[in-house]
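Protein chains in written order, with this note's numbering: chain B, 1 to 288; chain V, 1001 to 1281.
We treat Cβ as the ideally placed atom computed from N, Cα and C, and that holds for glycine.
Here the structure is a predicted model, which is why all the values come from computation and not from measurement.
Just below is one structure, and these are the notes that go with it.
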Amino acid sequence: MPWLLLTPAIGLSVFLVVVPYGITFLYAFTDAQLSSISSFSGAGLENFSTLFHLDEPRFMMEVVTTVAFTAATVVGSLGLGTLLAVALHGLRARTRAVLQALILVPWVVASVITGYTWTFIYSPQVGFLNTLIERLGGSGVSWLLERWLAIGALAVANVWASFGLVFLIVSASLSNVSENILRAAQIDGAGPLTTIRRVILPNIRQAFLLATLVATVSGLNVFDLIFVITHGGPIYQTEPLSLLMYRLTFVQGEVGAGAAVTVILFLATLVLSVAYVIAWRREERKWS
Amino acid sequence: MELTRRQSIVRWTLIAFGLFYALVPVLWVLAIAVRPRNAFTFPLPLIPTEFTFSNLREILTGSDGIGWLPYVNAAIYGLGAAVVTGVIALLGGYALGRYDTRYGRALLLVFLALSLLPDAARIVPLFLLYIHTGMYDTRIGVILAYAAGSLPLGIWLMAAIIRQIPIRLEQAARIDGAGPFTVARRIVLPLARPGVIVVGTLAFVSGWNAFSLPLILAQSPNIQPYTVVLQKYIVAEQSTVNWTLLSAGSLIGLVPVLLVFGFLQRRLLAQGGLGAAVRAR
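Next comes the structure, spelled out in structure tokens:
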């Protein structure tokens, strides 16, 4: 009986997740081209070794871009999401509901609309930042031209899109932290930061782990946002692995090489998830 | 918890910053969308002095606009994904929530892992599958791709929600002589409805919002959603961007999502949604 009910769910997941990934793994070891996608021959590990010998841009540069962008996103969204969740904790229910709704607006915005929105912030002509600076008498900045400034700007936009989920997860588990523990900490003379670090965080560790994992995986696979704001430019300076995967597969038509990047991204996601499950288990044992 | 004066200053500074960061970008898009096209003198005034709806009208009906069709397409994909996800997640979530076996738990973990795969990670695999099965460039293909993305989290949430429904109710109905279908229709369905609405809403929103999947899987212009079509304003020839139409088009895409979340906020956050999922662990 339970298996009958589960058949559609398992069927859909197998057909649309497991099978396509299987096909992609196979393609990663072929020389398939987009123009002749059904006729190809085996290429061994060639796709992977080509990747590491890419010249313009270097593969390692893209890895660095991806990791830096992801790390900035994770730190930013965990920090902001947690701080705001704590700041809103204990407010009157109605005030809190209103503030919560407003703070969550960016989280419900489509990631591609986030991209369009932030082009309106960084644009040299109609951008909010430069308009503000020029109104105050300064001169505008080219936010998206220099590599690290641009990656930082993209990370700020991505934090905007992703801190809401952290905020939600932490808020939900904060409501499980007993009011008495917090009061006890206060009586013992703990300030807000100490309270967060020593009392709140240990109590919501599992939720925090989950939030970290979600933020890391989505940072690693960022696509829409960068595709829209910089398209990986100028000259690949802000291109992460997911855009490389897109460009190789659909622009240059090298399906085999694109599949190889997909495999690499998938393995990175897998490793992170396994590490997370291990950390989770350890937490569970510690507290039970 | 009582706060000292300093603590409450810190608290409200944080909240003010959070609100500024969260809302200014959206308000800025709004400020550009309602500006008449001849009112662009640089630097722009921070708050527009003239207002017009002509940009919004232009995007839906004008010759430079994208028309209604891209929005209709996005709605079809969102609703299709919501129905498919809602039904399948209810069935699967019931099985995993009620029959708490070892395999069930392992399966739940697998679904949780699957829900982590973002859209962008799935574009190449789905493209390769669809090319070989004839689902490439079809509406059904796009809907199923969304549904497969929303289903894992949907099942996870449904299982948590089903567990909150007391099994005694079902047993009592069985003792009173109700068959399995009557129990499903009269007991489970009404009680699980808030959960189904949450799962369906999340699926609708991610379908309405999706970009990378339809970018790859829907080639024909007449089946592309607005997220993909709006690009034409940004990758135009001399890298000039049609700011007014891009902002107006984005705004129209935003409104349904904000409305849906506005109406369902409490339900999404409280009993049905993430709260339940987090607590269920």
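Would V:Pro1025 be called buried (16 or more neighbouring beta carbons within 10 Å of its own) or exposed? So V:Pro1025 counts as buried.
Measuring CA to CA, which of B:Val98, B:Asn176 and B:Leu144 is closest to B:Gly232? The residue among B:Val98, B:Asn176 and B:Leu144 with its C-alpha nearest the C-alpha of B:Gly232 is B:Leu144.
Runs of 4 residues minimum, wholly inside the region 1024-1110 of chain V: which ones carry the alpha helix (DSSP H) assignment? Within the region 1024-1110 of chain V, the complete alpha helix (DSSP H) segments of 4 residues or longer fall at 1054-1061 and 1069-1098, listed in chain order.
When burial is assigned at 16 or more other CB atoms within 10 Å of the CB, is B:Leu270 buried or exposed? So B:Leu270 counts as exposed.
Give a yes or no on whether the C-beta atoms belonging to V:Trp1243 and B:Gln125 are separated by under 9 Å. Closer than 9 Å, so yes.
Beta-carbon proximity check, B:Ile10 vs B:Thr65, cutoff 9 Å: The answer is no: Cβ separation not under 9 Å.
Is V:Gln1219 helix, strand or coil by DSSP? Correct three-state label for V:Gln1219: coil.
Taking beta-carbon pairs under 7 Å, can you tell me which members of the region 1009-1022 of chain V lie near chain B? Val1010, Arg1011, Leu1014, Ile1015, Gly1018, Leu1019, Tyr1021 and Ala1022: these are the residues of the region 1009-1022 of chain V whose beta carbon lies less than 7 Å from some beta carbon of chain B, given in chain order.
For B:Thr7, count neighbouring Cβ atoms within 10 angstroms of its own Cβ and tell me buried if that reaches 16, exposed if not. Exposed, because fewer than 16 other Cβ atoms sit within 10 Å of the Cβ of B:Thr7.
Got a sec: which bits of the region 1119-1151 of chain V sit with their beta carbon under 8 Å from any beta carbon on chain B, in order along the chain? When CB distances to chain B are screened at a threshold of 8 Å, the residues of the region 1119-1151 of chain V falling below it are Asp1119, Ala1120, Ala1121, Arg1122, Ile1123, Val1124, Pro1125, Leu1126, Phe1127, Leu1128, Leu1129, Ile1131, His1132, Leu1144, Ala1145, Ala1147, Ala1148 and Leu1151, in chain order.
Note down the Cα distance separating B:Ile200 from B:Asn176, rounded to an integer number of angstroms. One C-alpha to the other measures close to 10 Å.
So that I know if they touch, is there some Cβ in chain B lying closer than 9 Å to that of V:Trp1068? No, V:Trp1068 lies away from the interface with chain B (no Cβ there is under 9 Å from its Cβ).
Simplified DSSP assignment, three categories, for B:Gly42: Here B:Gly42 sits in strand by DSSP.
Can you name, in chain order, every residue of its own chain whose Cβ lies under 7 Å from the Cβ of B:Val214, other than the five neighbours on each side? Leu165.
Taking its Cβ as the centre, do 16 or more other Cβ atoms sit within 10 Å of V:Ser1247, making it buried, or is it exposed? Classification for V:Ser1247: buried.
Chain-order list of residues whose beta-carbon lies under 7 Å from that of V:Leu1060 (same chain, five-residue window excluded): Correct list, in chain order: Gly1067 and Trp1068.
For B:Val109, which residues from the same chain have a beta carbon less than 8 Å from its beta carbon, with the 5 sequence-adjacent residues on both sides left out? Cβ within range, chain order: Thr117 and Ala161.
Please look up how many angstroms separate the CB atoms of B:Leu168 and B:Leu225, rounded, as I've assumed it's under 8 Å. B:Leu225 and B:Leu168 do not touch by the CB rule: their CB atoms are close to 20 Å apart, not below 8 Å.
Would you kindly check if the distance between the Cβ of V:Asn1073 and the Cβ of V:Leu1245 is under 9 Å? Not a contact, by the Cβ cut-off of 9 Å.
Please report how far the alpha carbon of B:Ile103 lies from the alpha carbon of B:Gly79, in whole angstroms. Distance between the alpha carbons of B:Ile103 and B:Gly79 is about 15 Å.
Would you say V:Arg1057 lies against chain B (beta-carbon separation less than 9 Å)? Answer no: the Cβ-Cβ gap between V:Arg1057 and chain B never drops below 9 Å.
Go ahead and pull the three-state DSSP assignment for V:Gly1272. At V:Gly1272 the pLDDT is 41, less than 50, meaning the model places this residue with poor confidence; the figure from the coordinates comes in the next sentence. Here V:Gly1272 sits in coil by DSSP.
Could you check which residue in V:Val1183, V:Tyr1233, V:Thr1049 and V:Arg1139 has the C-alpha nearest to that of V:Gly1080? If you compare the alpha carbons of V:Val1183, V:Tyr1233, V:Thr1049 and V:Arg1139 with that of V:Gly1080, the shortest gap goes to V:Arg1139.
Below 7 Å on C-beta distance, what does V:Val1198 contact in chain B? Contact of V:Val1198 with chain B by beta-carbon distance below 7 Å is absent, the smallest such distance being about 13 Å.
According to DSSP, simplified to helix, strand and coil, what is B:Ser36? Here B:Ser36 carries a strand assignment [DSSP, helix/strand/coil].
Residues in the region 206-221 of chain B having any Cβ partner in chain V nearer than 9 Å: So the list reads Gln206, Ala207, Leu210, Leu213, Val214, Val217, Ser218, Leu220 and Asn221, given in the order they occur along the chain.
Give the interface partners of B:Pro20 over in chain C, defined as CB-CB distance under 8 Å, in chain order. Annotation note: the requested chain C is absent from the structure, which comprises protein chains B and V.
Among residues of its own chain, excluding the 5 on either side of B:Leu265, which ones have a beta-carbon nearer than 8 Å to its beta-carbon? Result list for B:Leu265: Leu220, Asn221, Leu241, Ser242 and Met245, in chain order.
Tell me whether B:Thr30 sits in a helix, a strand or coil according to DSSP, three-state version. Here DSSP, grouped into helix, strand and coil, assigns B:Thr30 to strand.
Just to confirm my understanding: we take V:Leu1191, look at its own chain, exclude 5 residues before and 5 after, and list those with CB closer than 6 Å. What are they? So the list reads Ile1165, once near-sequence residues are dropped.
Span separating the alpha-carbon of V:Val1183 from that of B:Pro2: Take the alpha-carbon of V:Val1183 and the one of B:Pro2: they are about 15 Å apart.
Can you have a look at B:Thr249 and say buried or exposed, based on whether 16 or more other CB atoms are within 10 angstroms of its CB? Under this definition B:Thr249 is a buried residue.
Under 7 Å by beta carbon: chain B residues contacting V:Gly1253: The contacting residues are Ala110 and Ile113.
Hey, V:Leu1251 and V:Ala1033 are a contact pair by Cβ (cut 8 Å); roughly how many whole angstroms apart? V:Leu1251 to V:Ala1033, Cβ: 5 Å. Contact.
Which residues bound the alpha helix (DSSP H) around V:Met1158? It spans Arg1139 to Gln1164 - the alpha helix (DSSP H) in which V:Met1158 sits, taken as one unbroken run.
Closest to V:Leu1044 by CA distance: which of B:Leu272, B:Val86 and B:Glu134 is it? Closest option to V:Leu1044, Cα to Cα, is B:Glu134.
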